[in-house]
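Sequence order for the protein chains is A and B.
One gets the numbering used here by counting positions in the first sequence from 1 and adding 4 to each.
One gets the numbering used here by counting positions in the second sequence from 1 and adding 4 to each.
2 protein chains.
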Amino acid sequence: MKEYKLALVGATGVVGRIARNVLEEKKLPIKEYVFFSSSKSAGTEIEFMGKKYIVKELKEDSFDEGFDFAIFSAGGDTSKKYSPIAASKGCVVVDNSSAFRMDPEVPLIVPEVNPDKIKDNKGIIANPNCSTIQAVVPLKPLDEKYKIKRIVYSTYQAVSGAGLNGIRDLENGIKKYESKENYELQKFPYPIFNNCLPHIDVFLDNGYTKEEEKMINETRKILDRPDLPITATTVRVPVFNSHSESINVEFENDFELDDLIKTLKSSEGVIVEDDIDNNIYPLAINANNHDEVYVGRIRRDFSVKSGVNLWVVADNTRKGAASNAIQIVEKMIENNK
Amino acid sequence: MKEYKLALVGATGVVGRIARNVLEEKKLPIKEYVFFSSSKSAGTEIEFMGKKYIVKELKEDSFDEGFDFAIFSAGGDTSKKYSPIAASKGCVVVDNSSAFRMDPEVPLIVPEVNPDKIKDNKGIIANPNCSTIQAVVPLKPLDEKYKIKRIVYSTYQAVSGAGLNGIRDLENGIKKYESKENYELQKFPYPIFNNCLPHIDVFLDNGYTKEEEKMINETRKILDRPDLPITATTVRVPVFNSHSESINVEFENDFELDDLIKTLKSSEGVIVEDDIDNNIYPLAINANNHDEVYVGRIRRDFSVKSGVNLWVVADNTRKGAASNAIQIVEKMIENNK
C-alpha cells in the first residue's frame with residue numbers, strides 16, 4: 005500500500021487546529037505530515053499523533069521537497085499565491101478558501117455529493133463554503149429524486165466561521181456581561197454577543213453579501229444545476245460553533261413526506277433528527293465535533309404545490325471545512341489504491 | 005376632554021413591566037390606573053408616574069368598579085377566563101394572549117395596518133403575536149402596492165418573548181460560561197445559550213409549531229388576505245430582546261426596487277436602515293426600547309419573477325407586545341374624542 009506525504013497550510017488557525025484533530029482520528033495511510041503557517045505563527049511547537057512538530061513558515065520553495073497532498077486553510081491570498089506553486093510540483097491541493105471555487109477548471113467537491121468530479125482536477129480541488137457544504141449534503145438526494153425548482157436559504161452561522169477573532173468577540177461579550185465593561189471588537193463591525201448580524205463577508209453591488217453569493221453559486225456548481233433559482237440571507241448569530249440553516253425548497257415533482265424522509269435517512273452523511281413528540285430536532289450544541297449533517301423539522305410547505313421546510317445543522321469547522329477537505333483526500337487515496 | 009380608567013393585568017410580568025414604561029412615556033389622558041396580577045405577585049409594590057401602587061390580585065369581581073380599558077398580558081388561561089367578564093362590564097379589553105386572535109368576532113389589530121377594524125370590537129380586541137406584528141407593519145404597504153403572492157418567514161427570536169424564565173435561561177448560560185458549572189433550565193427544553201432552538205411554543209400535528217401557525221394565520225387575518233400562501237420557520241436565538249426576521253416575499257406585480265424602498269420609507273411605523281456601504285442594517289441591539297419596525301438588507305430576489313428579501317427587526321416586548329397594545333388604546337381614545 006502506498007503511503008503518502010501531506011502538507012497542512014494554515015496549521016495554527018481555527019480550521020487548521022480542527023484539521024489536525026480530524027487527521028489524528030482518521031489515521032489515513034500518510035507517512036509524513038508537514039505543518040505550515042505564515043511567518044507570524046511559524047516556529048510554534050505542536051503535538052500531533054503523539055509526536056512534536058515545529059510549524060514551518062510557508063515559502064515559495066516549501067513544496068520542492070515533494071508532497072502528494074496539501075490542505076490549504078490560510079485565506080484566499082495565500083491560496084492564490086501558493087496553491088499553483090504546490091500544484092506545479094505535483095501536489096494535489098485541497099483549498100479551503102474561496103479563491104478557486106468558481107473557476108470552471110477547478111472541481112468543487114463534497115464527497116457525498118459529487119465524488120466523481122475529483123478526478124477532473126488539474127492540481128487544485130476547491131473545498132466549498134461551510135454553509136454550502138451542509139446544505140448540499142441533504143439537498144443532493146432530494147434533487148435527484150424530486151428535482152429542485154427553487155431554494156430559499158436563511159442561515160444562523162456560528163462565530164467560529166469568522167476565525168479566532170470572531171470567537172474572541174463573542175467570548176469578550178460573554179465575559180463582560182456582568183461587569184458591563186467595554187471591550188474592543190476584534191472582528192465584527194458590531195457586537196455579536198446578544199445580537200444577530202445580517203452581514204457575513206463583504207457586501208456586493210447587487211445588495212447581497214459575498215457569503216450569500218457563495219451559497220447561491222456554489223450550490224449550483226456542486227449540484228450541477230447552473231441555472232437553479234436560489235436566494236439566500238446569511239446571518240451571524242451568537243453561537244460559538246456549528247451552523248444552523250432554515251432551508252425552504254420547492255420541487256418540480258410531487259413527493260410523499262414519508263418517502264422524502266426515508267430518502268434523507270438513507271443518504272450518506274445525513275442523520276435525520278426529527279421526532280417532535282420528544283423534542284428531537286437538530287441543535288448546534290449537539291452537532292459539534294461530528295462530521296454528519298443533521299436534518300430535522302422536516303415538514304411540507306403548504307404555500308406551494310410541492311415544497312418542504314428543513315432545519316439543517318452541522319459543525320462548520322469540521323464538515324463545513326476541515327473534515328470535508330480531509331474526506332476529499334481520503335477519497336483520492338481510496339481511488340489510487 | 006374625557007379622562008379614562010385603565011387596568012393592566014399581568015403587571016409584574018415581562019410585558020407588564022414594559023407596558024408600565026410605555027404608559028409613563030405616552031402620558032395618555034388616563035386619570036386612573038389599576039394594576040393586577042395573579043395571587044402569586046399580588047401585593048407587590050410598584051412605582052408608576054412617581055406614585056406608589058400595590059398590585060392587586062385579579063378576581064372575578066375586579067372589573068365591577070368600572071374600567072374603560074384593560075390590557076391583558078397574563079397568558080391565555082387568564083385571558084380566556086377574565087376578558088369576557090371585563091368586557092361584560094363595559095370595559096374594552098386589549099388582549100395580548102393568543103386566546104382570541106383567530107376568533108372571527110375579535111378584531112386583530114396593528115394600528116399602522118388595520119386601525120379601521122378597531123370599531124368592530126365587541127369588548128375584546130386581540131393584540132397579535134410579536135413576530136407577526138413586526139412583519140405586517142412593512143408588509144402591508146407592499147401588499148397594497150404590489151400584491152403579495154407568497155411569504156417565506158425565518159425568524160431569529162429573542163428570549164424575552166418566552167418571559168422571565170426564558171431570560172433566566174440565557175442569563176444563567178452566560179454567567180456559568182467561564183466556570184462551566186451546571187445550571188437548571190427554567191424554560192427551554194435545551195440550553196438557549198450558545199444554541200439556536202427551532203422550537204417556539206408547542207408542536208402541532210402537521211409538524212409546525214404553534215408559533216409558526218400563528219405567524220401564518222395572523223398575517224393572513226391582519227392583511228385581510230385569508231388565502232395568502234405563507235410558510236414559516238420560527239427559531240429562538242441567544243439574544244435577550246428584539247426579534248429579527250428574514251422575510252422572503254413574492255409579489256403578483258412587478259416593482260422597481262427604488263420605488264419599493266420609497267414606499268417603505270414613507271410608511272407609518274417603519275424605519276428603513278439600509279446603507280450597506282456604511283454597514284447600516286437593522287440590529288436587535290439597536291431596536292431595543294423603540295416602537296418602530298426597522299427594515300434593511302432590502303434586495304431583489306433574483307430566483308423569482310418579482311420578489312424581495314427583507315431583514316426586519318423590532319423590539320418584541322414593545323412593538324411586539326406592550327406598545328402595540330397601548331397604541332390600540334391610544335387609537336380608541338383618539339376616536340372617542
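Here a beta-carbon is modelled for each residue, glycine too, at the ideal position from N, C-alpha and C.
All figures in this text were calculated on a predicted structure; none of them were measured in a lab.
Delimiting residues of the beta strand (DSSP E) encompassing residue i
i               : result
L4 of chain A   : Chain A is shown only over 5 to 341; residue 4 of chain A falls outside these bounds and no answer can be derived.
T159 of chain A : 152 to 160
I50 of chain A  : 49 to 52
S41 of chain B  : 34 to 41
A130 of chain B : 128 to 130
K56 of chain B  : 55 to 58
G300 of chain A : 297 to 304
A46 of chain B  : Premise fails: A46 of chain B is in no beta strand (DSSP E) and is neither H nor E.
A11 of chain B  : 8 to 13
I275 of chain A : 274 to 276
Close beta carbons around residue i, own chain, < 6 Å, minus the five adjacent residues each side
i               : result
Y150 of chain B : F255, N257, F259
Q190 of chain A : N169, R172, D173
D205 of chain A : T213, K214, E215
N176 of chain A : Y187
S236 of chain A : What sits at residue 236 of chain A in the sequence shown is Ala, not Ser. Excluding sequence neighbours, A236 of chain A sits near Y157, E216, M219, I220.
D72 of chain A  : Y8, K9
G14 of chain B  : G20, S77, A78
S41 of chain A  : A15, T16, V59
A90 of chain A  : F67, A74, V97
F39 of chain B  : L12, A15, Y57, V59
8 Å CB neighbourhood of residue i in its chain, flanking five on each side removed
i               : result
Q138 of chain B : H247, E249, V297, V316, V317, A318, N320, K323, G324
L261 of chain B : I302, R303, R304, V312
T49 of chain A  : Checking the sequence shown, residue 49 of chain A turns out to be Glu, not Thr. If we look at E49 of chain A and ignore the five residues flanking it on each side, its Cβ neighbours are K56, Y57, I58, V59.
E334 of chain A : K30, L32, P115
K93 of chain B  : F67, D68, G70, F71
Per-residue contacts from residue i into chain A (C-beta, under 7 Å)
i              : result
K84 of chain B : Those do not exist, as K84 of chain B stays about 26 Å from chain A at its closest Cβ, beyond 7 Å.
7 Å Cβ cut-off: residues of chain B touching residue i
i               : result
I122 of chain A : Simply none; closest approach about 29 Å.
S158 of chain A : S158, S250
L189 of chain A : Ordered by position in chain B, no residue passes the 7 Å Cβ test against L189 of chain A, which lies about 12 Å from the chain.
Partner residues on chain B for residue i, Cβ-Cβ distance less than 8 Å
i               : result
N313 of chain A : T235, T237
I22 of chain A  : None at all; the shortest Cβ gap to chain B is about 17 Å.
For residue i, the first and last residue of its enclosing alpha helix (DSSP H)
i               : result
V18 of chain B  : 18 to 30
V163 of chain A : Segment: none, V163 of chain A is in no alpha helix (DSSP H) and carries neither H nor E.
L201 of chain A : It is not in any alpha helix (DSSP H) - L201 of chain A carries neither H nor E in the DSSP assignment.
I265 of chain A : 261 to 269
K335 of chain B : 327 to 340
I284 of chain A : Unbroken run through I284 of chain A: none, as it is neither H nor E.
Neighbourhood of residue i by C-beta distance below 7 Å, restricted to the same chain and skipping five residues each side
i               : result
E217 of chain A : L208
P142 of chain A : L268, S271, V274, V297, V299, L314, V316
L112 of chain B : R105, A130, P132, E222, K225, I226
K121 of chain B : P111, I113
Q331 of chain B : P115
F244 of chain B : A162, V163, S164, I171, L174
8 Å Cβ cut-off: residues of chain A touching residue i
i               : result
S307 of chain B : R154, I155, V156, P233, I234, T235
I303 of chain B : This sequence places Arg at residue 303 of chain B; Ile is not what is there. The contacting residues are N210, G211, Y212.
I289 of chain B : Y194, P195, N198, N199
| Residues of the segment 229 to 258 of chain A whose Cβ lies closer than 7 Å to any Cβ of chain B, in chain order | Listed by position along the chain: P233, I234, T235, T237, V239, V241, P242, V243, F244, S248, S250, N252.
| field | Where the segment 198 to 212 of chain A meets chain B: residues whose CB sits under 8 Å from a CB there | value | N198, N199, C200, L201, P202, H203, F207, N210, G211, Y212
| Going along the chain, which unbroken runs of the alpha helix (DSSP H) with 4 or more residues stay wholly within the segment 214 to 258 of chain A? | If we require 4 residues or more, the alpha helix (DSSP H) runs fully inside the segment 214 to 258 of chain A come out as 214 to 227.
| said: In chain order, what are the residue ranges of uninterrupted beta strand (DSSP E) at least 3 long that sit wholly in the segment 73 to 97 of chain A? | reply: 73 to 76
| said: To be precise: take each residue of the segment 264 to 287 of chain A, compare its Cβ to all Cβ atoms of chain B, and keep it if any distance is under 9 Å. Which residues remain? | reply: D278, I280, D281, N283, Y285, P286, L287
| When Cβ atoms are compared, which residues of the segment 167 to 197 of chain A fall closer than 8 Å to chain B? | Within the segment 167 to 197 of chain A, the residues whose Cβ lies closer than 8 Å to some Cβ of chain B are I178, K179, Y181, E182, P193, Y194, P195, listed in chain order.
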